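Peer 1: Per this note's numbering: the sequence shown = residues 59 to 187. Glycine residues also receive a C-beta, built at the ideal position from the N, C-alpha and C atoms. Small disclaimer: the values here were computed from a predicted structure and weren't measured. What follows is a structure written as structure tokens; I'll ask about it next.
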Amino acid sequence: MQIIRGCLILVKFFNFDNIAVVERENYFRSIFNVLKVGSEKIGLLKVIIPSNTIAKKHYHKEHFEIFIFLKGRGNVTVESHSVKELYVDKGSILIIEPGEKHTVQALNEPLEIVVIKVPYKPEDKVLEG
Numbered sequence: 059m060q061i062i063r064g065c066l067i068l069v070k071f072f073n074f075d076n077i078a079v080v081e082r083e084n085y086f087r088s089i090f091n092v093l094k095v096g097s098e099k100i101g102l103l104k105v106i107i108p109s110n111t112i113a114k115k116h117y118h119k120e121h122f123e124i125f126i127f128l129k130g131r132g133n134v135t136v137e138s139h140s141v142k143e144l145y146v147d148k149g150s151i152l153i154i155e156p157g158e159k160h161t162v163q164a165l166n167e168p169l170e171i172v173v174i175k176v177p178y179k180p181e182d183k184v185l186e187g
């Protein structure tokens, strides 16, 4: 915590490489921060999908997911009114809306992703198939 001219500065700093992850289904993740904004929560996650792996198809009832791809190359399939296949790599940003079924596939190297869930609801995931 730092005080400058009577102002309290509450900055949260994270180094993505130093955030430990745990195995979940067929990928790795860590919920590294949950922010409260008014009555809602925003979840910040580190996700790593191993090379040549497809995360299981799922959707979320209430929250949006914002994917920021930091490393790797992959494909994302999104099903809403139609099916969209998207190629993603470092720098790609993708917004998934509630109800959109999706899978994320890492190609020949792991995908490293920051995922922002708005509003954050821990039990919002519905697996398909």
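(1) Where G130 and V92 are concerned, what is the direct C-alpha to C-alpha distance, given to the nearest angstrom?
(2) Does N133 come out as helix, strand or coil in the three-state DSSP assignment?
(3) One question on the structure: do E167 and S109 come within less than 8 Å of each other, judged by their Cβ atoms?
(4) Who are A164's beta bridge partners in DSSP?
(5) Taking the beta carbon of E170 as the centre, do at least 16 other beta carbons fall within 10 Å, making it buried, or is it exposed?
(6) Alpha carbon to alpha carbon, how far is I124 from F90?
(7) Measuring straight from C-alpha to C-alpha, what distance separates F74 and E120?
(8) Would F127 be called buried (16 or more neighbouring beta carbons within 10 Å of its own) or exposed?
(9) Just the Cα atoms here: how many angstroms apart are V69 and V141?
(10) If you count every other CB in all the chains shown that lies within 10 Å of the CB of G101, and 16 or more means buried, which is it?
(11) Could you check the C-alpha separation between E81 and S88 for me, to the nearest Å?
Peer 2: On the basis of the supplied data:
(1) Locating residue 130 in the sequence shown gives position 72, where the first residue counts as 1. Locating residue 92 in the sequence shown gives position 34, where the first residue counts as 1. Rounded to whole angstroms, G130 to V92 spans 25 Å at the Cα level.
(2) Your numbering for residue 133 matches position 75 in the sequence shown. Looking at N133 - three-state DSSP - the assignment turns out to be strand.
(3) Within the sequence shown, residue 167 is the residue found at index 109, counting from 1. Within the sequence shown, residue 109 is the residue found at index 51, counting from 1. Closer than 8 Å, so yes.
(4) Counting from one through the sequence shown, the residue named residue 164 turns up at place 106. DSSP lists G132 as partners of A164.
(5) Residue mapping note: residue 170 aligns to position 112 of the sequence shown, counting from 1. Classification for E170: buried.
(6) Taking the first residue of the sequence shown as position 1, residue 124 is located at position 66. Taking the first residue of the sequence shown as position 1, residue 90 is located at position 32. Distance between the alpha carbons of I124 and F90: 15 Å.
(7) For the purposes of this step, residue 74 is taken as the residue at position 16 of the sequence shown. For the purposes of this step, residue 120 is taken as the residue at position 62 of the sequence shown. Rounded to whole angstroms, F74 to E120 spans 26 Å at the Cα level.
(8) Locating residue 127 in the sequence shown gives position 69, counting from the first residue. Answer is buried; the Cβ neighbour count reaches 16.
(9) Residue numbering aside, residue 69 sits at position 11 when the sequence shown is read from its first letter. Residue numbering aside, residue 141 sits at position 83 when the sequence shown is read from its first letter. One C-alpha to the other measures close to 40 Å.
(10) As a working mapping, residue 101 is identified with position 43 in the sequence shown. Buried, by the Cβ-count rule.
(11) On the sequence shown, position 23 is the one that residue 81 refers to. On the sequence shown, position 30 is the one that residue 88 refers to. For E81 and S88, the distance between alpha carbons rounds to 9 Å.
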